[in-house]
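Structure first, commentary second.
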Amino acid sequence: MTVTEMTIPAIDLTPLIGSRIDTDIETLLSGRYARDIRALLASRVVLVFPEIGMTDEQQIAFTATLGTPANENNGYAGPDGKPQPIYRVDAAQNDQHAIRRLRNNFLWHLDGSMHEVPILASILSAKQVAPAGGETEWANTCAAFAALPEAERDALENLRVVHANWALARHSNPEPTYAEFEQSRRGPSKSQPLVWKHRSGRKSLVVGSTAAYVEGMEPLDSLDLLVRLRDWATQPQFVYRHEWKVGDMVMWDNTATLHRARPYELNCGRLMHRTVLRGEEPIA
Ligand SMILES: [Fe+2]
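Here you go:
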C-alpha cells in the first residue's frame with residue numbers, strides 16, 4: 001500500500017482503483033479538502049470512508065461541498081410530495097418496481113447510461129448490511145480502456161452503442177409477453193459513443209447491462225464485442241470490491257466506472273442511503 005500524495009491522506013486499496021480516506025466528519029464538512037477529494041475521485045474513481053457514520057443531514061451537506069447535488073425520487077417522496085435528497089436503496093416497500101431495480105443492480109452498469117448527462121458521482125452510506133452477500137463492486141473503465149492495444153482503442157473510438165430500457169428488461173425477463181416487451185420498448189433508449197472522451201482527457205468504456213447493440217454491426221458481432229468489452233473491463237485488476245460495515249460511506253465516479261451489487265436476499269433489511277452529484281458533461 002502506498003500513501004497518495006494529496007493534502008488529504010489517502011491509501012490505495014488496489015493498484016488501479018479505490019482509495020481509503022481516514023478522516024473525521026468535521027474535516028469533510030468543512031469543504032477544506034473538496035478540491036482534493038474531487039481530484040482523487042477522478043484518479044482513483046472509488047473513495048472509501050470507513051465507518052465514518054454520517055447522518056443524512058451530514059451526508060447531504062458533504063455532498064454539497066463537492067458539486068451540485070441532484071435530488072432523486074425513488075418513490076419515497078417526502079411529506080411535501082417532492083423528491084428527497086436521500087435515496088433509500090432497499091426493498092422495504094416491497095413494491096415490484098423497487099425489487100426489479102434492486103435485481104438490475106446485480107448486473108454491471110453505470111447510472112444514467114440512457115441520459116444525455118449521466119450523474120457525476122454517487123455516495124452510499126451503509127445503514128444496515130446484508131448478513132450474506134451484498135458487497136458492491138466497481139470496475140475502472142478508464143484503466144480498462146487504457147489497457148487495450150492501441151489499434152483496438154482507435155477502432156473503438158468510432159463506434160456508437162444504443163443503450164435501451166428494453167435491453168435491460170430482457171435480463172430479468174428473457175421471455176416477455178408481447179405486452180411486457182412493448183412496455184419495455186416505450187422506456188428510454190439512447191445512442192452513445194462506446195468510448196467516452198472526457199473533457200479532462202480521460203477516456204472510458206461505456207458498456208454494461210443497458211447496452212443493446214453496436215450501431216451498424218451484425219447482431220452476433222455486436223454482441224461479441226459488447227460481451228468481450230464488459231468482460232475485459234471487469235477483470236480483477238480493474239475491480240474493487242467493498243464488503244460493507246454499518247457506517248461505511250463510499251463515493252464513486254459514475255462516469256469512469258461500472259458497478260454492481262453482489263446478490264443478497266432482497267428482504268434481508270440491507271439499507272443504503274444514497275446522495276448523488278449532478279453530471280457535468282454529456283457522454284461524447
Ligand atoms: Fe447503479
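So the sequence shown is residues 1 to 284, counted in our numbering. Glycine included, every Cβ here is placed at the ideal spot set by N, Cα and C.
Excluding residues up to 5 positions away in sequence, Gln128 lie with their Cβ nearer than 6 Å to the Cβ of glycine 269 in the same chain. Runs of the alpha helix (DSSP H) lying entirely within the stretch 212-251, each at least 4 residues long, are 219-233 in chain order. Apart from the 5 residues on each side of it in sequence, glycine 133 sits with its Cβ closer than 6 Å to the Cβ of Arg262, Pro263, Tyr264 in its chain, given in chain order. A contact is defined here as three or more CB-CB pairs under 8 Å, and the stretch 173-187 fails this definition with respect to the stretch 235-242. Between arginine 38 and the set Glu57, Asp22, Thr63, His109, the nearest pair of CA atoms involves Thr63. Judged by DSSP in its simplified three-state form, isoleucine 283 adopts coil rather than helix or strand. Taking every residue with its beta carbon within less than 6 Å of a heavy atom belonging to ligand 1 gives, in chain order, Asn105, His109, Asp111, His259. Distances from the CA of alanine 164 to each of Ser191, Leu124, Glu150, Asn173 were compared; the closest alpha carbon is that of Ser191. In this model, asparagine 158 and histidine 115 are separated by some 20 Å (Cα to Cα). Contact between the stretch 220-230 and the stretch 25-34 is not established, with fewer than three Cβ pairs separated by less than 8 Å. In this structure, DSSP gives phenylalanine 106 a state outside helix and strand, which the three-state scheme calls coil. The three-state secondary structure of tyrosine 178, taken from DSSP, is helix. Burial check for alanine 91: the Cβ neighbour count within 10 Å reaches 16 or more, so the residue is buried.
In this structure, histidine 273 and aspartate 56 form a Cβ contact; the two beta carbons are roughly 6 Å apart against a cut-off of 8 Å. A direct Cα-Cα distance of roughly 10 Å separates alanine 70 from alanine 121. For alanine 70, DSSP records a beta bridge to Val276.
Note on the stretch 121-186: whole beta strand (DSSP E) runs with a minimum of 3 residues are 121-128, 136-140, 160-164, in chain order. Shown here for isoleucine 52: same chain residues with a beta carbon closer than 7 Å to its own, the five before and five after excluded, namely Ile25, Gly247, Met249 in chain order. Pairing leucine 168 with leucine 205 gives a Cβ-Cβ distance that is not under 8 Å. Secondary structure of threonine 257 (DSSP, three-state): strand.
When the Cα atoms are used, asparagine 254 and proline 176 turn out to be separated by approximately 30 Å. Under DSSP, arginine 38 takes part in no beta bridge, so it has no partner.
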